[in-house]
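**Student:**
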Amino acid sequence: MKQSQLFTKTRREAPKDEVSQNAQLLIRAGYIHKEMAGVYDFLPLGLRVLNKIVNIIREEMNALGGVELQMSALQDRTHWETSGRWDDEVLDVWFKTRLKNGNETGLGTTHEEPLTAVMKDHIRSFRDLPVYAYQFQTKFRNEVRAKSGIMRGREFLMKDLYSFCSTKAEQDYFYEKAKAAYVKIFERLGLGEKTYLTFSSGGSFSKYSHEFQTLTEAGEDTIYVHKAKKLAINKEVLNEEVLSDLGIKREDLVEKKAVEVGNIFNLGTRFSDSLGLVYNDEQGKSQPVVMGSYGIGPSRVMGTIVETFADEKGIVWPEAVAPFNIHLIGLFNNSGSVRAAADKIYRDMTSKGVEVLFDDRDVSAGEKFSDSDLIGIPTRYIVSEKTLAATVDGSIGAIEVKDRKTGKVEMIKI
Ligand code: ATP
Ligand code: MG
5 MKQSQLFTKT RREAPKDEVS QNAQLLIRAG YIHKEMAGVY DFLPLGLRVL NKIVNIIREE
65 MNALGGVELQ MSALQDRTHW ETSGRWDDEV LDVWFKTRLK NGNETGLGTT HEEPLTAVMK
125 DHIRSFRDLP VYAYQFQTKF RNEVRAKSGI MRGREFLMKD LYSFCSTKAE QDYFYEKAKA
185 AYVKIFERLG LGEKTYLTFS SGGSFSKYSH EFQTLTEAGE DTIYVHKAKK LAINKEVLNE
245 EVLSDLGIKR EDLVEKKAVE VGNIFNLGTR FSDSLGLVYN DEQGKSQPVV MGSYGIGPSR
305 VMGTIVETFA DEKGIVWPEA VAPFNIHLIG LFNNSGSVRA AADKIYRDMT SKGVEVLFDD
365 RDVSAGEKFS DSDLIGIPTR YIVSEKTLAA TVDGSIGAIE VKDRKTGKVE MIKI
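Quick note, my numbering runs 4 ahead of the 1-based positions in the sequence shown.
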């Protein structure tokens, strides 16, 4: 992409009402636009990052045997009344509205109910199980506080997978596989080191659920970390019982701030019982389907990555999620030949499949460098009169390469 065609501008200041570091940096660098508290637009650069995160998660969900679909945001209230979660006292983040005919509808906060209802049309016998269905879908939640930028949206993207199994054993087996897949996802996203498998409350069907919590001062959760065992306990469930279950001593735990980037949950027959999702077993006997749910917030992950790696100059993206691999900066200084050389390098790299953002604008070198630092693409290539005249390994014509994270500079042959 040529930067002259990218309509977004960087800015020195974030909006005054924006208090979170992730949104401040993402707004300043032109990745997102703030509509209102907790509601953000994803601009071209932001959408590229979000899609990279989505694709990593999608690959791992497909590897688990997941099949992708997309559910609606507008919800039929009857399923939620049946499950007992339509009431605002039970689910306190609903956005509800009315149809012209006066009927009330709600915007989906999660999708256990409607997906269970879909499965009633498709699951009949033990031969139809297991099913692992997932989506990337926009959720709406009327969050009380939305002060964490894209880490807590009122409208946000979620990957939610739901497992439908014939037995608890089959469900438990998948749960462990999903847990391992989550570990891999956070490693691939560059968050492996700081993300802890965290024991959390399990609801009525298992003792614990598992959260994936990334350590950051920007997080809203408090967890107790056991570094050596690479696990943590959510403050909500920290007691003698969980310590003995995990064979952990209280004094080996350290209190940390963290953000929940994902969670996995055994649902048992909570929704299949209430909504009537059953199958016929091998003896022809009707049985409730055993379920689980597995969430990750790609937009929350994006905010978490910004919080984790940013430095005083701006954003620093891990390679796997960066909007582009290379930020090619042409310092033309009114030289047609430098422009032509940089243009050729851009075309050559693009044709070889390298994702390049080419700063072909007529602005000062200083402005290009500070924009580049703010935008945070991992590797910067500089082409100028000076580099084109430089000799590397006996050949004339070079590119100056700078690593965004370390600041390390080297000259390479074109
Ligand atoms: P929290 O306790 O932080 O509100 P939650 O327990 O409500 O999270 P879930 O309902 O389990 O979250 O949602 C699954 C995933 O969706 C979370 O692990 C998180 O990554 C993401 N998520 C939840 N709420 C938000 C939000 N308001 N904005 C962005 N992502 C969110
Ligand atoms: Mg919540």
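Beta carbons are placed, not taken as given, at the ideal position from N, Cα and C, and that holds for glycine.
#1: Who pairs with R384 in a beta bridge, going by DSSP?
#2: Is it the case that the CB of V265 approaches a heavy atom of the ligand ATP more closely than 7 Å?
#3: Counting only runs that start and end within the region 136-213, where is the alpha helix (DSSP H) found for 4 or more residues in a row?
#4: Tell me which residue opens and which closes the alpha helix (DSSP H) that T226 is part of.
#5: Name the residue from I333, D96 and A137 whose alpha carbon lies nearest to the alpha carbon of V367.
#6: Would the beta-carbon of K124 fall within 8 Å of that of G280?
#7: For G157, verify whether its CB is less than 7 Å away from any heavy atom of the ligand ATP.
#8: Since A346 contacts I381 with CB under 8 Å, what's their CB separation in whole angstroms?
#9: Mind the definition here: the region 25-40 touches the region 49-59 only if three or more C-beta pairs lie below 8 Å; say whether that holds.
#10: Please name the residue or residues paired with H37 in a DSSP beta bridge.
#11: Within this structure, are the beta carbons of E311 and A222 separated by less than 8 Å?
#12: List, from N- to C-terminal side, the alpha helix (DSSP H) runs of 4 residues or more that fit wholly inside the region 280-345.
#13: Is the CB-CB distance between Y283 and S376 below 8 Å?
#14: According to DSSP, is D363 helix, strand or coil?
#15: Out of I189, E180 and R192, point me to the one whose CA is closest to S213's CA.
#16: Taking only runs of the alpha helix (DSSP H) that begin and end inside the region 35-117, which ones reach a length of at least 4 residues, in chain order?
#17: G112 and K163: beta carbons closer than 8 Å?
#18: When the Cα atoms are used, what is the spatial distance from I252 to W90?
#19: For my contact list, Y177 and M65 are in at a C-beta cut-off of 8 Å; report their separation, rounded to the angstrom.
#20: Going by DSSP, name the residue or residues bridged to Q217.
#21: Leaving out five residues before and five after K406 in sequence, what residues of the same chain have Cβ atoms less than 6 Å from its Cβ?
**Tutor:** The relevant details are as follows:
#1: H331 and K406.
#2: Yes, since a heavy atom of the ligand ATP falls inside the 7 Å radius drawn around the Cβ of V265.
#3: If we require 4 residues or more, the alpha helix (DSSP H) runs fully inside the region 136-213 come out as 172-192.
#4: No alpha helix (DSSP H) contains T226, which is instead part of the beta strand (DSSP E) from D225 to H230.
#5: Of the listed residues, the one whose Cα sits closest to V367 is I333.
#6: With respect to the 8 Å criterion, K124 and G280 are classified as neighbours on the basis of their beta carbons.
#7: Yes, Cβ of G157 sits closer than 7 Å to a heavy atom of the ligand ATP.
#8: Actually they do not touch by this definition, with Cβ atoms about 16 Å apart.
#9: Segments in contact, yes.
#10: Bridge partners of H37 according to DSSP: D45.
#11: For the pair E311 and A222, the CB atoms are nearer than the 8 Å cut-off.
#12: Correct list: 302-313.
#13: Between Y283 and S376, the gap from beta carbon to beta carbon reaches 8 Å or more.
#14: Strand at D363.
#15: It is E180 whose Cα lies nearest to the Cα of S213.
#16: Runs of the alpha helix (DSSP H) inside the region 35-117: 48-67 and 81-87.
#17: No, these two residues do not count as a Cβ contact at 8 Å.
#18: Whole-angstrom Cα-Cα distance: 40 Å.
#19: Not really, about 17 Å apart at Cβ, beyond 8 Å.
#20: Per DSSP, the beta bridge partners of Q217 are Y200 and E264.
#21: Only R384 and V413 meet the Cβ criterion.
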